[in-house]
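Peer 1: Numbering (the working numbering), first residue to last: 179 to 339.
The following block contains the structure, expressed as structure tokens.
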Amino acid sequence: MKHKKLYSLICACSVLLSCCFTFALSVSAATESLKTSTIVDDDTRADGLIRAYSLVITSSTKKVKITAEVDGYETMAKIGFTNIEVQRSTNGTSGWVTELTPIDDTVTNAESHTKNNESRSVVGGYYYRVKLDHYAKETGWFFPSSQSITDYSNVVWVPKS
179 MKHKKLYSLI CACSVLLSCC FTFALSVSAA TESLKTSTIV DDDTRADGLI RAYSLVITSS
239 TKKVKITAEV DGYETMAKIG FTNIEVQRST NGTSGWVTEL TPIDDTVTNA ESHTKNNESR
299 SVVGGYYYRV KLDHYAKETG WFFPSSQSIT DYSNVVWVPK S
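Right, here's the structure in full:
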């Protein structure tokens, strides 16, 4: 009888350690995949309005948090984020489906705009990412230029509970 209890205790500890190790690996992988700011190269700038941008998603139980930034070269008539989509996938690599489409988030007469840990409720048990356009429109009287750069965040797992 003592051997069965000892065996059960060892099995329970093994399962617990395995779960902790798996969680630590997923947290480590998510942290390593966080994107940093991208500086727009002169050769790739279509209109030369956006200087730098970044997009990161983090997760907790049934929630994702979006952090994004876009910087212009000067004060813009309008700057921010458009066509925002929170997408989910069962495997984290393909089959992305749009779950949420938050409204555009832009400001006027600013050089930059930041979205800091904007929280959104989602269904747990899926991988998530954010797709959006970093957007800038210059001031001007006649035909002001605009620039839009489509960006995808890192991918995170959202637990069910």
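Here a beta-carbon is modelled for each residue, glycine too, at the ideal position from N, C-alpha and C.
Since this is a predicted model, take the numbers as computed values, not measurements.
Could you name the residues of the same chain whose beta carbon sits closer than 6 Å to that of E247, not counting the 5 residues immediately before and after it, in chain order?
Peer 2: By one-based count along the sequence shown, residue 247 stands at place 69. So the qualifying residues of the chain are S232 and T292.
Peer 1: Pick helix, strand or coil for F320, following the three-state DSSP scheme.
Peer 2: As a first step, residue 320 must be located in the sequence shown, where it is residue number 142. Secondary structure at F320: coil, using DSSP grouped into helix, strand and coil.
Peer 1: Using only alpha-carbon positions, find the residue among G258, E296, T260 and V300 that is nearest to E277.
Peer 2: Here residue 277 corresponds to residue number 99 of the sequence shown, with the count starting at 1. When only C-alpha atoms are compared, the closest one is V300.
Peer 1: Taking 9 Å as the threshold (C-beta atoms), are S237 and W335 in contact?
Peer 2: Position 157 of the sequence shown, counted from the first residue, corresponds to residue 335. Position 59 of the sequence shown, counted from the first residue, corresponds to residue 237. Taking 9 Å as the Cβ cut-off, W335 and S237 qualify as a contacting pair.
Peer 1: Roughly how many angstroms lie between the CA atoms of A230 and D249, to the nearest whole one?
Peer 2: The residue given as residue 230 occupies position 52 in the sequence shown. The residue given as residue 249 occupies position 71 in the sequence shown. So the two alpha carbons sit approximately 5 Å from each other.
Peer 1: Assign S331 to one of two classes, buried (16 or more other C-beta atoms within 10 Å of its C-beta) or exposed (fewer than that).
Peer 2: Numbered from its first residue, the sequence shown carries residue 331 at position 153. That one is buried.
Peer 1: With 16 other CB atoms within 10 Å as the buried threshold, where does F321 fall?
Peer 2: Along the sequence shown, read from residue 1 onward, the residue named residue 321 stands at position 143. Exposed is the call here.
Peer 1: Could you tell me which of K243, G270 and T284 sits nearest to N294, measuring between CA atoms?
Peer 2: Your numbering for residue 294 matches position 116 in the sequence shown. Per the Cα distances, K243.
Peer 1: Using only the alpha-carbon positions, how far apart do V285 and I262 sit?
Peer 2: For this step, residue 285 is matched to residue 107 along the sequence shown. For this step, residue 262 is matched to residue 84 along the sequence shown. C-alpha separation (whole angstroms): 15 Å.
Peer 1: Give every residue of the same chain whose Cβ lies closer than 8 Å to the Cβ of R298, excluding the five residues on either side of it in the sequence, and list them in chain order.
Peer 2: Residue numbering aside, residue 298 sits at position 120 when the sequence shown is read from its first letter. Within the same chain, R298 has close Cβ partners K241, V242, K243, I244, V264, L278 and P280.
Peer 1: Can you tell which of K338, F259, A314 and S324 has its C-alpha closest to the C-alpha of K305?
Peer 2: Counting from one through the sequence shown, the residue named residue 305 turns up at place 127. A small correction: the amino acid at residue 305 is Tyr; Lys does not occupy that position in the sequence shown. Nearest of K338, F259, A314 and S324 to Y305, Cα basis: K338.
Peer 1: For a test of the three-state rule: what should DSSP assign to L227, helix, strand or coil?
Peer 2: Locating residue 227 in the sequence shown gives position 49, counting from the first residue. Of the three classes helix, strand and coil, the one that applies to L227 here is coil, per DSSP.
Peer 1: So who's on the other strand from W274, going by DSSP bridges?
Peer 2: Numbered from 1 along the sequence shown, position 96 holds the residue referred to as residue 274. The partner list for W274 (beta bridge, DSSP) is empty, contrary to what the question assumes.
Peer 1: Checking 9 Å against the spacing of the C-beta atoms, do E316 and S326 come in under that value?
Peer 2: Working through the sequence shown from its first residue, we reach residue 316 at position 138. Working through the sequence shown from its first residue, we reach residue 326 at position 148. Going by C-beta atoms, E316 is not nearer than 9 Å to S326.
Peer 1: Any idea which residues DSSP pairs T292 with across the strands?
Peer 2: Locating residue 292 in the sequence shown gives position 114, where the first residue counts as 1. Bridge partners of T292: E247.
Peer 1: Return the bridge partner residues of G258 from the DSSP annotation.
Peer 2: Looking up residue 258 in the sequence shown gives position 80. Answer is T284 and Y313.
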